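In what follows, a single structure is set out as structure tokens and then discussed.
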Amino acid sequence: MRIRDARRDDVPATQRIEVAAGRLFADLDMDLVAADEPLPIQALAEYVDDGRCWVAVDSDDQPIGYLIAEMVDGSAHVEQVSVDPEYAGRRVGAVLIERAAEWGRARHAPTLTLTTYVDVGWNGPYYERLGFEYLAESDETPGLRSKRAHERSLGLDRWPRACMVRVLHTRSSV
Numbered sequence: 609m610r611i612r613d614a615r616r617d618d619v620p621a622t623q624r625i626e627v628a629a630g631r632l633f634a635d636l637d638m639d640l641v642a643a644d645e646p647l648p649i650q651a652l653a654e655y656v657d658d659g660r661c662w663v664a665v666d667s668d669d670q671p672i673g674y675l676i677a678e679m680v681d682g683s684a685h686v687e688q689v690s691v692d693p694e695y696a697g698r699r700v701g702a703v704l705i706e707r708a709a710e711w712g713r714a715r716h717a718p719t720l721t722l723t724t725y726v727d728v729g730w731n732g733p734y735y736e737r738l739g740f741e742y743l744a745e746s747d748e749t750p751g752l753r754s755k756r757a758h759e760r761s762l763g764l765d766r767w768p769r770a771c772m773v774r775v776l777h778t779r780s781s782v
């Protein structure tokens, strides 16, 4: 597995990955999440064109996971990360998260943030293992509060959700 910048011709694969990963939520009786549509092609293409979408690829250069990122209130933010369930448990998501962290460091972001489900094993607990901590609601930035409000408007708060944050240390040249 390797990580590379996504190309426009990867967009359909990222949509398929998101749908396949989303289906796992049905096993948790989270049908609303399982049935969620992937991001539209044009939205994904904008991330690709802006250099804010990375894919993990197999030995045939076929995407097996992807991540899109943006800046939110001066911090790098994981907008979406999905891994093909066939590749679960192989650190694909962790490597994609590290790529987003590198991207954030290059932009002098102090932290990497995301929103996630608290009680889903491959969400909150997984991100804790990757060095994220839950962010108290009172510490959410205006941009994160806006993202959470949007998630609530979609009904995603039927299950506990939260913001998480990880400090991004800059690498010194010592």
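Going left to right, the sequence shown walks through residues 609 to 782 as the working numbering numbers them.
Every residue, glycine too, gets a C-beta built ideally from N, C-alpha and C.
Keep in mind that this is a model prediction, so the values were computed, not measured.
Buried versus exposed call for residue i [16 or more other C-beta atoms within 10 Å across all chains shown]
i	result
H777	exposed
D639	exposed
P620	exposed
E694	exposed
D692	buried
S781	Any reading at S781 must be qualified, since the residue scores a pLDDT of 44, below 50, and its modelled position is unreliable; no value is offered.
G712	buried
L704	buried
DSSP beta-bridge partners of residue i
i	result
G673	A664, V691
D658	DSSP, once it has assigned bridges, lists no residue as partnering D658.
V686	A677
I611	A664
Residue i and residue j closer than 8 Å at C-beta
i	j	result
R760	C771	no
P648	V627	no
V773	L738	no
I625	Y655	no
A708	M679	no
V785	T719	With the chain covering only 609 through 782, there is no way to say anything about residue 785.
Residue i CB to nearest heavy atom of the ligand FAD below 7 Å
i	result
R753	Looking at this structure, you won't find the ligand FAD or any other ligand, since it has none at all.
Anticipated Cβ contact below 8 Å, residue i with residue j, distance rounded
i	j	result
A642	A653	In fact, because the Cβ distance is near 25 Å, the residues do not count as touching under 8 Å.
A651	S690	At roughly 14 Å, the Cβ-Cβ gap does not stay under 8 Å, so A651 and S690 are not in contact.
Do the region 712 to 732 and the region 756 to 768 make contact, defined as three or more Cβ pairs closer than 8 Å? Yes, they touch.
Does the region 665 to 674 touch the region 611 to 625, meaning 3 or more C-beta pairs lie closer than 8 Å? Yes, they touch.
Cβ pair count under 8 Å reaching 3, the region 732 to 752 against the region 681 to 692: yes
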